[in-house]
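In this text, residue positions in the sequence shown follow this note's numbering: the first is 86, and each later residue adds one.
Heads up, the beta-carbon is just placed ideally off N, CA and C, and yes, glycines get one too.
Predicted model only: the values in this text are computed from it and were never measured.
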Amino acid sequence: MRNEFKNTRVYATFRVSQMPIIKFNLGGAKMLQINNVISWACNNWYVREDNLVEIFDQRGQRVLLNGIQKDIWCAIEYEIEIGSLYEKVKSKIPFEDFINILEEMMNFNLIFLLKRNDGQLDFLFL
């Protein structure tokens, strides 16, 4: 393994098309809050026979999710408040890791953040 990846903490494993598995932590600013609403950015997905979730993203690439990433994805059910989503998976993952997985899904454009203002829904494209 190359030196620049020596201290990288792995939170998610994604497989894109026929490329090898990509493992990394994107880091990034903490922008998610417990009362934010998130939604799938990619509605073209299914659970495969080998129990992986296969997503076809907006760039035409395939993304595979397994383990806790799969559980989080399936629990979103199109859109959900982050607090409600965490209630569904809290027995499987600590909150900090949960937020990191959501941020990585946002960085991969698999989910996006919805913001509620005075009863109206605004889309935040990140």
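- [ ] Can you tell me which of the three DSSP states Y131 falls into?
- [x] If DSSP states are grouped into helix, strand and coil, Y131 belongs with the strands.
- [ ] Would you mind sorting F180 into buried or exposed? The rule is 16 or more other CB atoms within 10 Å of its CB.
- [x] By the Cβ neighbour-count rule, F180 is exposed, with fewer than 16 other Cβ atoms within 10 Å of its own.
Open item on the list: Can you confirm whether the stretch 118-130 touches the stretch 181-198 when touching is taken to mean that 3 or more C-beta pairs between the two stretches lie within less than 8 angstroms?
Closed with: Yes, the stretch 181-198 is in contact with the stretch 118-130.
Task: the stretch 170-188 / the stretch 138-156 touching (three or more Cβ pairs under 8 angstroms) - done: Yes: the two stretches touch, three or more of their Cβ pairs being nearer than 8 angstroms.
TODO: Report yes if the C-beta distance between L149 and V132 is below 8 angstroms; otherwise report no.
DONE: By the CB criterion at 8 angstroms, L149 and V132 fall outside the cutoff.
Open item on the list: For M219 and L170, I'd like the C-alpha separation in whole angstroms.
Closed with: An answer regarding residue 219 cannot be provided, because it is not within the stretch 86 to 211 covered by the chain.
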